[in-house]
Amino acid sequence: MTRVEVITTARLELLPLRVEHAEEMAEVLADPGLHTFIGGAPDDVGALRSRYRRMIAGSPDPAVSWLNWVVRLRSEGCLTGTVQATAGPGPVAEVAWVVGTPWQGRGIATEAARGLVDWLGRHGVRTVIAHIHPEHRASAAVAAAAGLAPTDEVHDGEVRWRRDAYAG
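Start counting the sequence shown at 188; every next residue gets the next number (the numbering used here).
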């Protein structure tokens, strides 16, 4: 998989994750409600810096690439969330997204997810997968808008969504 690069959409820039993003992202991700479907609690700045260092260092498996971006809303000049993909082995990637509470309901997650999925397709990924809690309607809508469809598979209580044979 190619290196992470800036992805530009109509309103957004998906910027390669850096440790320096932790301070702003700690505020973006501070709402405990963001963890309703994924569990856990918001990280403080120090924990987020450590987590970002590990993510940037990459997977210990050379056949797997960890690809991470922060989502910047150009009109407001601020970070609003993250998108990520775990690519490989092979032409497959698992994707995820999160948008901070103040920016939800504005199509940001949808636009970011579409940008990510399109970028992955241009870089050889043929199957995109997301795992979504069955009650998380907003995330299901984002997945559908990015071209994924629910499957009958459930893993750790989440429905597996899938997009095959990316047509570019």
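We put the CB at the ideal spot given by N, CA and C, even for glycine. Predicted model, so just to flag it, every value in this text is computed and none were measured.
Item                                                                                                                                                              : Value
Does the beta-carbon of V258, which I'm using as the reference point, lie nearer than 8 Å to any heavy atom of the ligand COA?                                    : For the ligand COA, the structure offers nothing, since it holds no ligand at all.
Between the Cα of P278 and the Cα atoms of V304, G268, P289, N255, which residue gives the shortest distance?                                                     : V304
Return the Cβ separation of P276 and V312 in integer angstroms, given the expectation that the two are a contact with Cβ distance under 8 Å.                      : With 8 Å as the limit, P276 and V312 do not qualify as a contact, their Cβ atoms being about 12 Å apart.
Which value, in whole angstroms, describes the spacing of the CA atoms of E340 and A300?                                                                          : 21 Å
Express the C-alpha separation of I295 and V215 in angstroms, rounding to a whole number.                                                                         : 14 Å
Rounded C-beta distance between V282 and H208? I'm assuming under 8 Å.                                                                                            : About 19 Å; that fails the 8 Å criterion.
Taking the straight line between their C-alpha atoms, what separation do you get for G355 and T195?                                                               : Confidence is the limiting factor: at G355 the pLDDT is only 49, short of 50, which leaves the residue's position unreliable and the question unanswerable from this model.
When the cut-off is 9 Å and only beta carbons count, does A217 lie next to chain C?                                                                               : Absent from the structure: chain C. Only one protein chain is present.
Would you mind working out which of A331, D351, G344, A352 sits nearest G226, comparing C-alpha positions?                                                        : G344
For L335, which residues from the same chain have a beta carbon less than 7 Å from its beta carbon, with the 5 sequence-adjacent residues on both sides left out? : V315, A317, W348, R349, R350
Tell me whether the beta-carbon of G264 lies closer than 9 Å to the beta-carbon of G287.                                                                          : no
Per the DSSP calculation, P337 is bridged to which residue(s)?                                                                                                    : W348
Quick check on A328: buried or exposed, where buried means 16 or more other Cβ atoms within 10 Å of its Cβ?                                                       : exposed
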